[in-house]
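A short worksheet on the structure shown next.
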Amino acid sequence: MSYYLAIDQGTHASRACLFDETGNMVYESRQNIKLDHISNTEIEQDAEEIVESVRTVLKKLLDETAVLGQIIACGIAIQRSSVIAWTDDGSALSQVLSWQDTRGTEQITGLSVMQSEIHQLSGLPLSAHYGASKMHYLLDRAVSEGVAVDNLRLSPLISYLLFHILEHRPYIVDHTNAQRTQLFDVTEMCWSARLAELFGVPLQVLPDCVSVLNNADVAHGSLAGSGIPVRAIIGDQNAAIFGAGQLTSETALVNFGSGAFVLRFLNACRASEKQLSTIACSENSSVQYVREATINGAGSALNWLAEKHGVDDLSQQLPRWLDEVERPPVFINSIGGLGSPWWSNQIEPEFIDCSTGITVANEITARDRVAHGEVVEDIASQAVAVIESIVFMVCANLDIMKTEQSLSRLRVCGGLSRLDGLCQRLADLSTLVVERMDTPEATARGIAWLAAGKPEGWSCVDLECYEPAADPGLSERYAMFKAALNRHCT
-4 MSYYLAIDQG THASRACLFD ETGNMVYESR QNIKLDHISN TEIEQDAEEI
46 VESVRTVLKK LLDETAVLGQ IIACGIAIQR SSVIAWTDDG SALSQVLSWQ
96 DTRGTEQITG LSVMQSEIHQ LSGLPLSAHY GASKMHYLLD RAVSEGVAVD
146 NLRLSPLISY LLFHILEHRP YIVDHTNAQR TQLFDVTEMC WSARLAELFG
196 VPLQVLPDCV SVLNNADVAH GSLAGSGIPV RAIIGDQNAA IFGAGQLTSE
246 TALVNFGSGA FVLRFLNACR ASEKQLSTIA CSENSSVQYV REATINGAGS
296 ALNWLAEKHG VDDLSQQLPR WLDEVERPPV FINSIGGLGS PWWSNQIEPE
346 FIDCSTGITV ANEITARDRV AHGEVVEDIA SQAVAVIESI VFMVCANLDI
396 MKTEQSLSRL RVCGGLSRLD GLCQRLADLS TLVVERMDTP EATARGIAWL
446 AAGKPEGWSC VDLECYEPAA DPGLSERYAM FKAALNRHCT
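In structure tokens form, the structure reads like this:
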């Protein structure tokens, strides 16, 4: 039996997964990692903790499966838009600035007059969530601390990880993660001197760009101590679209995690005013593109609600609440900032009463939190409102995608896709058939499939379907949601 290894380094955990030659996951090792919210704009992770977590899960997998000699290839997927400053000997000069970190907002504001050119070159709307403004911040800090630019490296997290876990310690970045810096020319497939000039990041500190796939004998390198060739490196959401089975041209993928991402294949790279033109995969001179929409507040919005109101079992209660709550408020879900198509970090989260249209307080008093040991109705209603806000944001982006090319189906994966109430609401509001994958682990499966050379036998997945039905109340709340955001964003 031959096996393929997937390393999935995400925001909250690192995982090593083993897939057999038919595409079945036969082993998983996981280790959680910390995410530090210093402030609303400063969100960091520890670089060494991330590297060690990857080493730990990899060692555990190899020790417990004893199939080292049968692992043909490895693929590595990683959280995108997270960046780090380090030196050429591998020493970290900073924490990892998370994709959720927006401390570069001041520079972004100053570049607003150039946003059309930046969007055209990079494929990405001007945003502090991407790497460039954070790299500019790290550059300024490093220079102020006396670090010589000749010894400085500014890179996406993947470059730092590869340096520390591959033999020969390369300084490289794949095209998908390079694009997420907003310093990469999406059509020329290389670093852009113009974008580097605009953001004030010298090209000399950036890693060498390589294709996602490398099936040459040397591959991208081999995992240190194992000799396993790494044949694919990619961003996590880019991998997810390949783990969802064979998508038709009229099917979009929605992957739910800390954020949510809506992706569909494009037949060519085309600009979009409100959404992203993203590299899905690259190999030699061949490039696949997807249209992408990003939603920052998905699982992270539920975590925000649970922490705000001290509810420990919110996720366990959600399935029942989604069945029982009939008229939740409307939630303006700006947790982590509003992504596509609004692109705003200036709007505060709020709940709006559907009957009055009045904003209700986010705080729930201690007296109201618990009644006879049970979570009170207000918390249940707000939790359902958060779920519906995710559905609303997905549908707002689908409405834009439909103007480019018709859609007939949605495929969903990721942790929140296990909620029947979310899937049914998504089908009802989008008027599309929703297909839920039997496994939520699309990212790991996708990167393993790429590393395996895209075998046809992996394209079949079991699906559970949700047929759309009329839901006037949900449609009414969606209209209120859009009207509220129109007021905020104009």
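Sequential numbering from -4 applies to the sequence shown in this note's numbering.
By construction, the Cβ of each residue, glycine as well, lies at the ideal position given by its N, Cα and C atoms.
Keep in mind that this is a model prediction, so the values were computed, not measured.
Tell me whether residue i sits in a helix, a strand or coil according to DSSP, three-state version.
i	result
residue 416	helix
residue 5	coil
residue 318	helix
residue 352	coil
residue 184	coil
residue 283	strand
residue 408	strand
residue 369	Only weak support is given to the placement of residue 369: the predicted model assigns it a pLDDT of 40, under 50, and the question is left unresolved by the model.
residue 345	strand
residue 467	helix
residue 494	Here the chain covers residues -4 to 485 and nothing more, so residue 494 does not appear.
residue 257	strand
residue 452	helix
residue 28	coil
residue 36	coil
residue 428	strand
residue 242	coil
Do residue j and residue i come within 8 Å of each other at the CB atom, strictly closer than that value?
i	j	result
residue 172	residue 230	yes
residue 351	residue 345	no
residue 382	residue 414	yes
residue 386	residue 420	yes
residue 285	residue 389	no
residue 162	residue 219	yes
residue 452	residue 18	yes
residue 181	residue 117	yes
residue 310	residue 297	yes
residue 290	residue 479	no
residue -3	residue 103	no
Just how far apart, CA to CA, sit residue i and residue j?
i	j	result
residue 342	residue 221	49 Å
residue 295	residue 31	13 Å
residue 63	residue 57	6 Å
residue 29	residue 336	30 Å
residue 81	residue 89	7 Å
residue 300	residue 476	18 Å
residue 406	residue 211	33 Å
residue 195	residue 189	10 Å
residue 106	residue 60	51 Å
residue 121	residue 40	24 Å
residue 364	residue 324	Since pLDDT at residue 364 reaches only 41, below the 50 mark, its modelled position is unreliable, and no value is offered.
residue 255	residue 288	8 Å
residue 16	residue 393	35 Å
residue 371	residue 417	The predicted position of residue 371 is uncertain, since its pLDDT is 47 and thus under 50; a value taken from the coordinates is nonetheless stated next. Roughly 21 Å separates the two Cα atoms.
residue 0	residue 470	44 Å
residue 433	residue 251	14 Å
residue 400	residue 245	8 Å
residue 369	residue 375	A caution first: residue 369 carries a pLDDT of 40, below 50, which makes its placement in the model too unreliable to give a value.
residue 424	residue 465	8 Å
residue 362	residue 306	Any answer about residue 362 is weak, because its pLDDT of 38 lies below 50 and its placement is not dependable; what the coordinates show is given next. Computed Cα separation, rounded: 14 Å.
residue 319	residue 331	28 Å
Would you mind giving the Cβ-Cβ distance between residue i and residue j, rounded to the nearest angstrom? I have them listed as a contact below 8 Å.
i	j	result
residue 408	residue 235	7 Å
residue 444	residue 238	6 Å
residue 24	residue 55	4 Å
residue 176	residue 197	The pair is not a contact, with the Cβ atoms about 13 Å apart (cut-off 8 Å).
Checklist line | Given 8 Å, three or more beta-carbon pairs between the stretch 203 to 211 and the stretch 163 to 171 | finding: yes
Margin query: Below 8 Å, how does it come out for the stretch 64 to 76 and the stretch 149 to 157: are there three or more Cβ pairs, yes or no?
Written below: yes
Check: Touch check for the stretch 114 to 129 and the stretch 85 to 100: three-plus C-beta pairs under 8 Å?
Finding: yes
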